[in-house]
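Asks: Residue numbers (full-length UniProt numbering), protein chains in the order written: chain W, 1 to 381; chain Y, 1 to 381.
Even glycine gets a Cβ: it sits at the ideal position worked out from N, Cα and C.
Note that the structure is predicted; figures quoted are calculated from it, not measured.
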């Protein structure tokens with residue numbers, strides 16, 4: 001079986017346009033051709049980030065890029081507040097501790113949203129806080145956190161920078177960086193961009209850049225001040241992920257042709273259709289407030305999520321993701337971030353129905369697909 | 001003009017086999033298909049590194065990977081000796097200083113080799129030295145340093161780890177890591193591998209791994225102990241450069257089919273032909289002991305290297321590299337690292353002749369090509 005459907009929350013399928021561009025002869029990163037591609041790509045990235053600030057490219061995956069975003073704008077003796085609620089939110093607390101910072105970790109039950117009041121309380125208890133980190137769309141739980149509300153609290157009640165991991169949120173939910181007052185925002189190549197992993201994108205506010213001058217965390221490859229200086233001249237400090245940048249230009253052109261609102265609406269609709277389909281099949285959703293990037297779906301007792309993932313892959317060529325940690329036995333995650341069409345969602349749901357039946361669930365065949373179809377029909381009406 | 005020849009010392013041209021593999025549907029890094037590719041690639045990397053140790057993949061370009069190799073096996077209060085002699089050798093001293101280590105920088109004139117006696121003296125003056133760093137093939141000067149001799153000095157006269165930046169040396173010169181007693185060795189995807197930049201490969205000796213347990217440099221993304229644990233299970237700690245790893249498997253298969261000795265001999269011969277061609281044209285070489293990865297060629301007075309690079313690119317579609325820093329006005333660098341054939345070298349030399357003539361040099365047309373042909377003919381005899 002050669003036809004594969006990848007519906008994990010990253011890497012996401014690479015559009016043919018980008019694959020063909022990547023298959024062309026590679027170019028030198030110090031020549032004029034790359035300079036032109038890079039300059040254009042940087043402009044388009046700023047469009048997606050909705051920022052006046054330069055968007056830097058970091059040749060590392062999302063974790064490395066967000067780590068760079070944390071250590072360049074803080075100091076070793078800083079207190080930072082890291083909002084948990086999932087594997088990725090909690091990861092930033094680990095990064096903070098690895099750098100010896102005083103980390104205040106906000107406990108959020110997996111599946112629930114972080115409450116602005118909780119952030120306000122933590123800021124009141126730690127007025128010295130230098131940075132608040134939030135994973136906007138928590139890929140491990142399928143939750144979308146109230147970014148705008150939390151941004152407001154951070155701005156009004158503190159002098160802290162607000163750093164947002166937008167790795168699976170950008171291009172899916174509206175996240176106008178400057179308008180929301182986000183100080184550090186990070187995206188990853190293998191998510192909404194639909195290009196290979198290994199490159200991250202990062203922008204920072206003016207006041208964040210001012211603080212970067214005083215950071216005392218040791219760093220070299222991740223020194224963003226050096227990168228900023230170079231990248232404003234359409235160069236990079238070190239050899240960049242040339243191939244991913246070439247692909248980024250292609251997919252950003254596609255996004256701009258589609259339009260920002262249409263891009264967000266396509267994700268919203270595919271997510272709504274997926275959720276409607278899962279619910280119609282008698283499954284439940286983990287997320288209190290779901291992200292439009294990925295649906296975290298809980299199986300009824302007695303059904304094994306790893307078995308379901310395996311059947312989907314082996315029998316139908318459909319790759320979905322399993323759950324993390326304690327949720328591993330009973331959760332599946334269906335990704336709909338990236339260049340997905342309605343047909344992809346319908347494929348996922350129809351094969352999910354077959355796989356659930358194979359696992360012994362009493363499935364109302366077609367119910368999931370029908371529910372999704374109704375979502376699409378309603379949107380067209 | 002659509003036909004392009006890239007003869008820079010990295011990125012290097014990507015073989016069609018790898019480009020086609022990269023153009024296939026991307027796979028999930030947590031699935032069994034990736035695990036299989038990764039396991040096989042790791043075995044093949046160990047073949048090229050000539051090591052019994054695991055070769056880790058780091059999703060970063062060469063600088064980030066070598067930085068990881070420096071900070072995971074040392075401590076903040078360590079003294080390290082960094083052997084200079086070019087842009088890259090000197091970079092590792094900058095990294096050491098960025099992490100607050102006591103860096104002893106060995107001055108080596110650009111174009112000259114580092115002398116083992118010089119290293120022995122430095123070690124005698126700093127018996128506390130914890131690491132010696134060396135860029136085996138110095139891309140900025142085209143010099144190949146005496147790695148084996150320096151390795152011997154480090155082993156015999158100190159307890160220091162020997163960390164070798166083999167980014168443009170591995171796959172070009174014979175560098176059997178274990179046999180030479182190299183403690184940390186780093187390679188980069190966009191060099192001999194001929195795959196896109198953005199992934200580095202790193203192996204470390206047993207005694208280096210023991211020291212890693214005591215490193216106190218702050219790090220998270222570059223924490224190699226975590227990576228080692230994960231990668232021994234054919235997984236990575238964070239989303240890896242999936243596309244580059246798929247391509248790495250393809251090119252490593254090609255290298256193994258060619259054979260290690262043949263791979264080295266092909267590079268040696270192409271380098272010798274390039275050098276013979278340059279000399280026959282009345283140009284000179286910067287390197288006292290040349291690397292077979294790249295030829296650093298000095299132009300006669302009055303000829304502008306940037307102009308030559310531009311003419312080669314604009315008129316003939318041939319990209320070669322310029323010089324760094326003070327050598328910028330009068331040096332060109334012709335890369336022959338990667339999947340180059342004799343035809344590529346002959347193309348470079350024949351267009352170089354035309355470009356030199358266009359710049360006003362009195363060129364004996366065909367002399368460079370003829371000298372290269374003689375090298376090839378002699379090898380076949």
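Measuring only between beta-carbons, confirm whether residue 22 of chain Y sits less than 8 Å from chain W.
Replies: It does: the Cβ of residue 22 of chain Y has a partner Cβ on chain W nearer than 8 Å.
Asks: So residue 44 of chain W packs on residue 256 of chain W, CB below 8 Å; how close in whole Å?
Replies: At roughly 6 Å, the Cβ-Cβ gap stays under 8 Å, so residue 44 of chain W and residue 256 of chain W are in contact.
Asks: Just checking my contact of residue 132 of chain Y with residue 85 of chain Y at CB under 8 Å: how many whole Å lie between their CB atoms?
Replies: The Cβ separation is near 13 Å, so there is no contact.
Asks: At the 8 Å Cβ level, is residue 242 of chain W part of the contact set with chain Y, yes or no?
Replies: For residue 242 of chain W, the answer is yes, since a Cβ of chain Y falls inside 8 Å of its Cβ.
Asks: So, residue 199 of chain Y versus residue 241 of chain Y, is the Cβ gap smaller than 8 Å?
Replies: Their beta carbons are under 8 Å apart, which means residue 199 of chain Y touches residue 241 of chain Y by this criterion.
Asks: I'd like to check one pair, residue 68 of chain Y with residue 58 of chain Y: are the Cβ atoms closer than 8 Å?
Replies: In contact: residue 58 of chain Y and residue 68 of chain Y (Cβ atoms closer than 8 Å).
Asks: Per DSSP, what kind of secondary structure is residue 5 of chain Y in: helix, strand or coil?
Replies: Looking at residue 5 of chain Y - three-state DSSP - the assignment turns out to be strand.
Asks: Verify the CB distance criterion: does residue 26 of chain W have a CB-CB separation below 8 Å to chain Y?
Replies: So yes, residue 26 of chain W belongs to the interface.
Asks: Counting pairs of Cβ atoms below 8 Å between the segment 223–232 of chain W and the segment 16–32 of chain W, do you hit three or more?
Replies: Counting Cβ pairs under 8 Å, fewer than three are found: no touch.
Asks: Quick test of your reading: residue 99 of chain W and residue 217 of chain W, contact by CB under 8 Å. State the CB separation rounded to the nearest angstrom.
Replies: Confirmed, Cβ separation roughly 6 Å.
Asks: What are the residues of the segment 215–239 of chain Y that lie near chain W, defined by any Cβ-Cβ distance shorter than 7 Å?
Replies: Cβ contacts with chain W: 217, 218, 219, 220, 221, 238, 239.
Asks: Name the chain C residues that come within less than 8 Å of residue 324 of chain W, Cβ to Cβ?
Replies: You won't find chain C in this structure, because its protein chains are W and Y.
Asks: Could you confirm whether any beta carbon from chain W is found closer than 8 Å to the beta carbon of residue 333 of chain Y?
Replies: Closer than 8 Å: no.
Asks: Can you have a look at residue 259 of chain Y and say buried or exposed, based on whether 16 or more other CB atoms are within 10 angstroms of its CB?
Replies: It counts as exposed.
Asks: In its own chain, which residues sit with a C-beta less than 6 Å from the C-beta of residue 18 of chain W, not counting the 5 before and 5 after it?
Replies: Same-chain partners within the cutoff: 195, 247, 250, 251.
Asks: So is residue 11 of chain Y in contact with chain W if we call contact Cβ pairs under 8 Å?
Replies: Output row for residue 11 of chain Y: interface = yes.
Asks: Measure the CB-CB distance between residue 151 of chain W and residue 181 of chain W and report whether it falls below 8 Å.
Replies: Yes, these two residues count as a Cβ contact at 8 Å.
Asks: Would residue 455 of chain W and residue 106 of chain W be called neighbours here (beta carbons separated by less than 8 Å)?
Replies: The shown model of chain W, from 1 to 381, leaves out residue 455 of chain W, and the question about it has no answer.
Asks: Measuring CB to CB, does residue 322 of chain W end up less than 8 Å from residue 312 of chain W?
Replies: Not closer than 8 Å, so no.
Asks: For residue 112 of chain W, which residues in chain Y fall below 8 Å Cβ to Cβ?
Replies: Going along chain Y, no residue has its Cβ under 8 Å from residue 112 of chain W, so there is no contact; the nearest lies around 25 Å.
Asks: For residue 344 of chain Y, name the three-state secondary structure that DSSP assigns.
Replies: In the structure shown, residue 344 of chain Y sits in a helix (DSSP, three-state: H, G or I).
Asks: Please name the residue in Y/205, Y/22, Y/38 whose C-alpha comes closest to that of residue 235 of chain Y.
Replies: Checking every option, the nearest Cα to that of residue 235 of chain Y belongs to Y/38.
Asks: By Cβ distance below 6 Å, which residues in the same chain neighbour residue 349 of chain Y in space, the five residues on each side in sequence not counted?
Replies: Closer than 6 Å at Cβ, skipping near neighbours: 277, 368, 369, 372.
Asks: How would you list, in chain order, the residues of chain Y whose beta-carbon sits under 8 Å from the beta-carbon of residue 197 of chain W?
Replies: The answer, in chain order, is 29, 59, 239, 240, 241, 242, 243.
Asks: Counting Cβ pairs closer than 8 Å, one from the segment 276–296 of chain Y and one from the segment 333–352 of chain Y, do we hit at least three?
Replies: A contact exists between the segment 276–296 of chain Y and the segment 333–352 of chain Y.
Asks: Starting from the N-terminal side, write out each stretch of the beta strand (DSSP E) that is 3 residues or longer and does not extend beyond the segment 140–197 of chain W.
Replies: With a minimum length of 3 residues, the continuous beta strand (DSSP E) runs that stay inside the segment 140–197 of chain W are 161–165, 184–188.
Asks: Determine, using beta carbons only, whether residue 361 of chain Y and residue 306 of chain Y come nearer to each other than 8 Å.
Replies: Taking 8 Å as the Cβ cut-off, residue 361 of chain Y and residue 306 of chain Y do not qualify as a contacting pair.
Asks: Residues of the segment 86–97 of chain Y in Cβ contact with chain W at a cutoff of 8 Å, in chain order, please.
Replies: Listed in sequence order: 94, 95.
Asks: Rounded to whole angstroms, what's the CA-CA distance from residue 48 of chain Y to residue 281 of chain W? Just pull it up for me.
Replies: Spanning the two alpha carbons is a distance of roughly 52 Å.
Asks: Would you list the residues sitting across from residue 285 of chain W in a DSSP beta bridge?
Replies: Bridge partners of residue 285 of chain W: W/297.
Asks: Alpha carbon to alpha carbon, how far is residue 104 of chain W from residue 119 of chain W?
Replies: Rounded to the nearest angstrom, the two C-alpha atoms are 11 Å apart.
Asks: Starting from residue 67 of chain W and walking both ways along the beta strand (DSSP E), at which residues does that stretch end?
Replies: Residue 67 of chain W -> not in any beta strand (DSSP E); alpha helix (DSSP H) instead, spanning 62–71.
Asks: Would you call residue 343 of chain Y buried or exposed, if buried means 16 or more other Cβ atoms sit within 10 Å of its Cβ?
Replies: Exposed, because fewer than 16 other Cβ atoms sit within 10 Å of the Cβ of residue 343 of chain Y.
Asks: Taking the alpha-carbon positions, what's the residue 354 of chain Y to residue 286 of chain Y distance?
Replies: Computed Cα separation, rounded: 22 Å.
Asks: Comparing the CB of residue 15 of chain W with every heavy atom of the ligand ZN, is any distance shorter than 7 Å?
Replies: With respect to the ligand ZN, the structure offers nothing, as it holds no ligand at all.
Asks: Starting from the beta carbon of residue 14 of chain Y, find every residue of chain W whose beta carbon is closer than 9 Å, and list them in chain order.
Replies: Those within 9 Å of residue 14 of chain Y in chain W are 23, 25, 26, 243.
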